[in-house]
Amino acid sequence: MRMRPTTVADTAADDDSVSLSSLTPLRYFSLYRLLMTSVLLAIVLGFAGDISFGRYNEALFSRTALAYWTFALVTMLGADRMLPTSGGRLTLGVMADIVFLTLLTYASGGASSGLPFMHVVVLAFAALVGQGRLAVFYAAVASLAMLFEQSIQAITTVDDATTFVQVGTISIGFFATAIAVRLLARRVIANELLARERGRDLAEQMRVNERVIRDMEDGVLVVDPDGRVRQANPQAHRLLDPAMPRPVTLADFSPALDDLLSGIASADRERVMVLDLPARPAAVRVRCVPAGEQGGHLVFVEDLARLREQARQIKLAALGRLTASMAHEIRNPLSAITQAAELLQEERRAETQARLTRIICDNSQRLDRLVSDVLELGRRDRAEPELLDVAVYARSFVDELAMRDASVRSRVRIDAPTSGAIWFDRGHLHQVLWNLVVNALRYASPGQESVRIIVRGEDDATLIEVLDDGPGIDIAVRTHLFEPFFTTHSKGTGLGLYIARELCEANGARLEFVDNSPGAHFRVRGMNRSWDGAWNVGDHNLS
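Counting in numbering that gives the first Met the number 0, the sequence shown runs from 0 upward without gaps.
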């Protein structure tokens with residue numbers, strides 16, 4: 000079944016929370032009623048007998064006016080306590096208005112007194128305050144009351160038929176007023192609802208924009224035509240002058256930046272320049288953009304150190320793709336060279352030729368390791384993470400190493416007081432542990448438990464630490480540890496730690512060097528759940 004879409008007008012008719020149906024308009028209505036009845040009461044007290052009001056029954060007019068004024072005063076003072084809903088308070092007031100005005104009309108001699116036109120004001124107020132609800136009903140009640148009043152007049156006095164025609168005309172006016180004001184009220188409510196909806200959308204958009212600007216890596220300032228800073232995100236404070244508590248003008252941030260903006264204030268164009276700021280060791284790039292027709296500018300501040308780091312990462316990524324392509328081309332001829340050298344070794348040759356053949360084989364194997372490392376680096380993006388029990392995996396890894404060298408069992412100690420899970424690709428974790436543990440075994444002492452693998456949990460992360468009791472790493476070397484092709488070993492490729500770090504990052508983990516022990520200390524900080532937070536240790540079996 001197809002449903003009719005809800006329109007703003009429909010919402011206007013059903014929404015009781017808009018301002019026209021709130022208590023404030025009802026108080027205005029009550030105030031009008033009090034003023035009107037006060038005038039009527041003043042007429043009774045000061046001009047009795049001088050005007051036509053109450054000429055038919057002066058006592059009834061006086062008592063009704065006093066009762067009407069009392070009701071108006073009560074509703075004015077206690078309108079919010081008489082009935083729990085605004086609709087009920089409105090209906091009570093309108094019904095009372097119709098009754099009192101009808102009695103006053105009767106006491107003044109009927110429709111010819113002019114008092115029925117006061118019904119029109121009441122009906123208009125009721126239709127507007129009630130958003131059009133029951134407006135026609137109120138008009139019908141007022142018309143019936145007038146017809147009833149005229150019937151009583153016809154019975155008790157001698158009236159001609161034209162008076163009924165006059166009452167009918169007045170009743171038509173009641174309905175016309177109710178319908179017209181009802182349509183007007185619905186339109187007003189629809190416009191108010193639309194304005195509120197637009198206001199909510201605008202407020203939500205402003206909140207989103209503020210959050211985006213706040214979380215941007217670049218600094219953003221909004222500057223008015225007088226150079227006053229209207230808005231500035233935290234990055235702008237950090238990049239320009241972190242020590243400044245709350246700058247008022249752009250000159251407070253940077254006089255050079257203020258001079259730059261003053262130079263382009265008259266031109267509606269973008270300007271970019273690099274500034275050296277005394278508050279920062281590195282320069283920043285500033286981009287000024289006109290903000291709009293009312294003047295002012297948007298000032299974007301970019302950290303050149305971050306831009307250079309991004310450029311370096313892009314170059315490294317391009318270098319990685321290039322070296323991976325070259326590695327594919329090198330492997331085939333390298334395999335042929337290795338096979339030829341192995342065939343030469345099988346033949347009986349002179350000692351010099353045998354030594355040269357061994358040199359060929361050794362360097363061919365080194366090149367093969369280099370090619371394998373480069374190809375492994377190219378496959379880092381194809382991670383297939385799974386939830387692994389690190390303690391179980393580490394013991395299995397040590398058993399694998401022990402099959403190559405039996406001394407590994409006594410030299411490597413695994414400390415895993417609790418079961419820790421890590422979200423990691425199985426093959427990638429093997430490569431990372433291989434690089435870290437083999438390096439540790441290479442530089443550690445030959446004694447027992449010279450290498451330690453520690454597994455522990457920390458908040459939502461699992462830590463894998465590899466320590467050795469070797470000579471440690473020189474301070475001058477530490478800054479280059481994770482750079483590609485950097486090595487201190489004669490037979491190393493210089494890609495081991497670099498590949499290990501790249502594989503960790505591909506799995507949402509981080510590899511870091513810890514400077515807190517005599518030997519080398521590396522730490523892998525990985526997640527113990529999936530990246531989207533949908534998995535945890537309790538939901539899946541650990542491998």
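Cβ coordinates follow ideal geometry from the N, Cα and C atoms, glycine included.
Being a predicted model, the structure only gives us computed values, none of them experimental.
query	result
Between the CA atoms of Ser-363 and Ile-472 - distance to the nearest angstrom	29 Å
Candidates Tyr-105, Asp-467, Gly-87 and Val-121: closest to Met-35 by CA position	Val-121
Exposed unless 16 or more other CB atoms sit within 10 angstroms - verdict on Phe-147	exposed
C-beta atoms of Gly-456 and Asn-527 nearer than 9 Å	yes
Leu-76 to Thr-69 span [Cα, whole Å]	11 Å
Cα-Cα separation between Met-205 and Thr-74, rounded to whole angstroms	42 Å
Asp-225 - DSSP class collapsed to helix/strand/coil	coil
Three or more C-beta pairs below 8 Å linking the segment 392–407 and the segment 498–518	no
Three-state secondary structure assigned by DSSP to Phe-512	strand
Cross-strand partners of Asp-458 (DSSP beta bridge)	BP columns for Asp-458 are empty, so no partner.
For Leu-114, three-class secondary structure by DSSP	coil
Beta-bridge partners of Trp-422, as assigned by DSSP	Leu-386
Other residues of its chain near Thr-101: CB distance less than 6 Å, five sequence neighbours each side excluded	Ala-144 and Glu-148
Beta-carbon proximity list for Val-43, same chain, < 6 Å, skipping 5 on both sides	Ser-61 and Ala-64
Selected residue, minimal CA-CA separation from Ser-409, among Arg-181, Gly-446, His-427 and Ala-420	Gly-446
Cross-strand partners of Ile-452 (DSSP beta bridge)	Ile-413 and Val-465
Where Arg-522 falls: helix, strand or coil (DSSP)	strand
C-alpha distance - Ile-577 paired with Ser-107, whole-angstrom precision	The displayed coordinates of the chain run from 0 to 542. Any statement about residue 577 would go beyond what the structure contains.
Assigned exposure category for Gln-352 - 16 Cβ within 10 Å defines buried	exposed
Buried versus exposed, by CB contacts within 10 Å (16 or more), Leu-193	exposed
Val-523 burial status per 10 Å Cβ neighbour count (16 or more: buried)	buried
Environment of Pro-115 [buried if 16+ CB atoms lie within 10 Å]	buried
Alpha carbon of Gly-226 to alpha carbon of Leu-249, nearest angstrom	6 Å
Cα-Cα separation between Ser-551 and Arg-451, rounded to whole angstroms	Since the first residue shown for the chain is 0 and the last is 542, residue 551 is missing from the structure and cannot be characterised.
Distance, Leu-496 Cα to Leu-366 Cα	18 Å
8 Å Cβ shell around Val-219 - same chain, five flanking residues per side excluded	Ile-212, Gln-230, Ala-231, Asn-232, Gln-234, Ala-235, Leu-297, Val-298, Phe-299 and Val-300
Range covered by the alpha helix (DSSP H) that runs through His-236	233–239
Residue from Val-222, Ala-141 and Met-94 with nearest C-alpha to Ser-170	Ala-141
Among His-429, Val-436 and Asp-388, nearest to Gly-419 - alpha-carbon criterion	Asp-388
Identity of the residues DSSP links to Leu-220 by a beta bridge	Ala-231 and Val-298
Straight-line gap, Leu-72 to Leu-30 (C-alpha atoms, nearest Å)	9 Å
Local Cβ density within 10 Å of Tyr-27, reported as buried at 16 or more and exposed below that	exposed
Buried versus exposed, by CB contacts within 10 Å (16 or more), Phe-136	exposed
Where Thr-248 sits in the DSSP three-state scheme	strand
Beta strand (DSSP E) segment containing Arg-284, residue limits	283–289
Length of the line joining the Cα atoms of Pro-416 and Asp-458	16 Å
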